[in-house]
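Asks: So the mapping is simple: the numbering used here equals the position in the sequence shown, first residue as 1, plus 141.
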Amino acid sequence: MASLGEELKRRREERGLSLRAISDETRIALRFLKAIESDDYSILPGGIFNRSFIRAFARQVDMDEEEAIRLYTAEYQKAGSDDELGRPSYSGPVGVMERESEPRTRSILIPVFILVLAIFALGGWALYHYYKRSGSAMQAGPVPVQDSSQNNLPPNASEPRQTPSSTPETSPNPPPETTRPESTAAGSAFTLRIEAREDCWISVKVDNGPKRMWTMKAGEKTEEFTPNENILLSVGFLPNVDIFINGRPAKLSTIRTTVVDLTINKENFEKFIGS
């Protein structure tokens with residue numbers, strides 16, 4: 142009996158499909174598709190990721206998805222291993238990524254952060270005392286200078302000095318222009334939440350923050366993400382999740398790929414909810 146990889150390859154070649162075409166349609170990396178056809182699952186992420194890739198591949202070549210999963214499971218059992226242990230898959234709480242480098246990074250960043258704060262504090266303290274001293278000296282200096290100049294000037298010369306002070310008072314200043322950017326700076330904010338119907342892997346990047354990737358279990362819900370600019374969202378199997386924007390279900394029926402990459406921002410989020 143043909144293996145899973147051989148069966149997928151046979152069906153693909155019968156339909157005249159290239160691996161590149163399937164990769165473009167499913168958003169699965171070309172090297173993963175080659176590994177599946179070669180029955181080499183060692184480079185795949187493991188766990189539910191492998192199953193999602195195999196389902197998407199089987200769907201493209203009109204192969205029954207459940208049959209493909211049975212062949213895949215049988216091959217792993219025959220080899221005496223478990224696909225869930227092939228590679229570590231994150232199974233922690235939703236919205237939190239396990240990063241081995243975090244403790245080391247934090248141990249470096251915390252002293253640096255404290256040092257920077259100390260430098261700023263010392264600089265601010267020095268500037269405060271400098272300006273305080275220079276300000277008191279400036280306040281004490283002009284008083285005798287103004288008195289002596291007024292005594293030396295003739296009576297007629299003091300009158301023209303009053304006219305420049307009157308002209309700035311009548312000159313109009315345009316303060317309303319400075320308030321306009323404040324009224325238009327605030328864009329339309331939005332929130333995004335994800336609910337899983339079935340198991341599915343999710344990747345979320347909010348603004349310039351870190352990219353977080355995890356596996357959602359059926360029935361789980363994410364926190365509400367509120368970006369300042371945009372959200373980069375990747376979904377391993379789109380039919381397994383519901384996406385809500387501002388509490389309203391997003392309309393993604395026109396997206397036919399299983400692995401989906403979305404960029405949702407303040408300019409385009411309304412088209413996903415039809416407002």
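Even for Gly, the Cβ is constructed at its ideal location relative to N, Cα and C.
#1: Could you pull out every unbroken alpha helix (DSSP H) segment of at least 4 residues lying fully inside the region 174 to 219, listed in chain order?
#2: How many whole angstroms separate the CB atoms of I184 and L149, which I take to be in contact at a CB cut-off of 8 Å?
#3: Mind reading off the beta-carbon distance from I169 to F194? Whole number of angstroms is fine, and I expect it under 8 Å.
#4: For D383, which residues in the same chain have their Cβ closer than 7 Å to its Cβ, ignoring the five residues on either side in sequence?
#5: Is Y213 buried or exposed, if buried means 16 or more other CB atoms sit within 10 Å of its CB?
#6: DSSP on E411, reduced to helix/strand/coil?
#7: On the DSSP letters alone, give me the boundaries of the alpha helix (DSSP H) that A162 sits inside.
#8: Could you compute how far the alpha carbon of A267 sits from the alpha carbon of I251?
#9: What residues in its chain sit with their C-beta under 8 Å from that of G377, if we drop five residues either side in the sequence?
#10: Look at S144 and D180 and say whether their C-beta atoms are less than 8 Å apart.
#11: Around the C-beta of N381, are 16 or more other C-beta atoms found within 10 angstroms, so that it is buried, or is it exposed?
#12: So, are the CB atoms of L379 and T404 less than 8 Å apart?
#13: Name the DSSP bridge partner or partners of N406?
#14: With 16 other CB atoms within 10 Å as the buried threshold, where does Q201 fall?
#15: Would you decide whether F413 is buried or exposed? Buried here means 16 or more other CB atoms lie within 10 Å of its CB.
#16: Identify which residue in G350, F173 and F254 has its Cα closest to the Cα of N369.
#17: Short check: CB of E365 to CB of R334, under 8 Å?
#18: Roughly how many whole angstroms lie between the Cα atoms of K346 and R274?
#19: Contact defined as beta carbons within less than 8 Å: I believe A197 pairs with D205. What is the distance between those atoms, to the nearest angstrom?
#20: Buried or exposed: where does N371 fall if 16 or more other Cβ atoms within 10 Å of its Cβ makes it buried?
#21: Look up L145 in the DSSP assignment and say whether it is helix, strand or coil.
#22: When burial is assigned at 16 or more other CB atoms within 10 Å of the CB, is S164 buried or exposed?
#23: Which same chain residues, not among the five before or five after T367, have their C-beta less than 7 Å away from its C-beta?
#24: Quick one: is F114 buried, meaning 16 or more other Cβ sit within 10 Å of its Cβ, or exposed?
Replies: Let me lay it out:
#1: Segments of the alpha helix (DSSP H) lying fully in the region 174 to 219: 189 to 201.
#2: As a first step, residue 184 is located in the sequence shown; it is residue number 43 there, counting from the start. As a first step, residue 149 is located in the sequence shown; it is residue number 8 there, counting from the start. Going by Cβ atoms, the distance from I184 to L149 rounds to 16 Å, so no, they are not a contact pair.
#3: Residue 169 sits at position 28 when you count from the first residue of the sequence shown. Residue 194 sits at position 53 when you count from the first residue of the sequence shown. That belief holds up - the Cβ atoms of I169 and F194 are roughly 5 Å apart, short of 8 Å.
#4: Indexing the sequence shown from 1 puts residue 383 at position 242. Excluding sequence neighbours, D383 sits near E336, R338 and P390.
#5: One-based indexing of the sequence shown puts residue 213 at position 72. Buried.
#6: Residue numbering aside, residue 411 sits at position 270 when the sequence shown is read from its first letter. Correct three-state label for E411: helix.
#7: The residue labelled residue 162 in the question sits at position 21 within the sequence shown. Its alpha helix (DSSP H) spans residues L160 to T167.
#8: Counting from 1 along the sequence shown, the entry for residue 267 is found at position 126. Counting from 1 along the sequence shown, the entry for residue 251 is found at position 110. C-alpha separation (whole angstroms): 24 Å.
#9: Here residue 377 corresponds to residue number 236 of the sequence shown, with the count starting at 1. Hits under 8 Å: I189, F190, S193, C341, W342, I343, T399 and V400.
#10: The sequence position of residue 144 within the sequence shown is 3, counting from 1. The sequence position of residue 180 within the sequence shown is 39, counting from 1. If you check the CB distance, S144 and D180 come in under 8 Å.
#11: Residue numbering aside, residue 381 sits at position 240 when the sequence shown is read from its first letter. Under the 10 Å beta carbon count, N381 is surrounded by 16 or more other beta carbons and is classified as buried.
#12: What you label residue 379 is simply residue 238 of the sequence shown in a count that begins at 1. What you label residue 404 is simply residue 263 of the sequence shown in a count that begins at 1. For L379 and T404, no; Cβs fall outside 8 Å.
#13: Here the question's residue 406 lines up with position 265 in the sequence shown. DSSP, once it has assigned bridges, lists N371 as partnering N406.
#14: Position 60 of the sequence shown, counted from the first residue, corresponds to residue 201. With 16 or more other Cβ atoms within 10 Å, it is buried.
#15: For the purposes of this step, residue 413 is taken as residue 272 along the sequence shown, with counting starting at 1. With 16 or more Cβ atoms within 10 Å of its Cβ, F413 is classed as buried.
#16: By 1-based counting over the sequence shown, the position of residue 369 is 228. Checked all of G350, F173 and F254; the closest Cα to N369 is G350.
#17: Residue mapping note: residue 365 aligns to position 224 of the sequence shown, counting from 1. Residue mapping note: residue 334 aligns to position 193 of the sequence shown, counting from 1. For E365 and R334, yes; Cβs fall inside 8 Å.
#18: Taking the first residue of the sequence shown as 1, we reach residue 346 at position 205. Taking the first residue of the sequence shown as 1, we reach residue 274 at position 133. Using only the alpha carbons, I get a separation of about 49 Å.
#19: Sequence index remark: in the sequence shown, residue 197 carries index 56 (1-based). Sequence index remark: in the sequence shown, residue 205 carries index 64 (1-based). Contact flag wrong, Cβ pair sits at about 14 Å.
#20: For the purposes of this step, residue 371 is taken as the residue at position 230 of the sequence shown. Burial call: buried.
#21: Against the sequence shown, residue 145 aligns to sequence position 4. Annotated three-state conformation of L145 is helix, per DSSP.
#22: Numbered from 1 along the sequence shown, position 23 holds the residue referred to as residue 164. Its Cβ being crowded by 16 or more others within 10 Å, S164 is buried.
#23: On the sequence shown, position 226 is the one that residue 367 refers to. Counting only Cβ-Cβ distances below 7 Å, and skipping sequence neighbours, we find A330 and T332.
#24: The structure shown does not extend to residue 114, since the chain spans only 142 to 416, so no value can be given for it.
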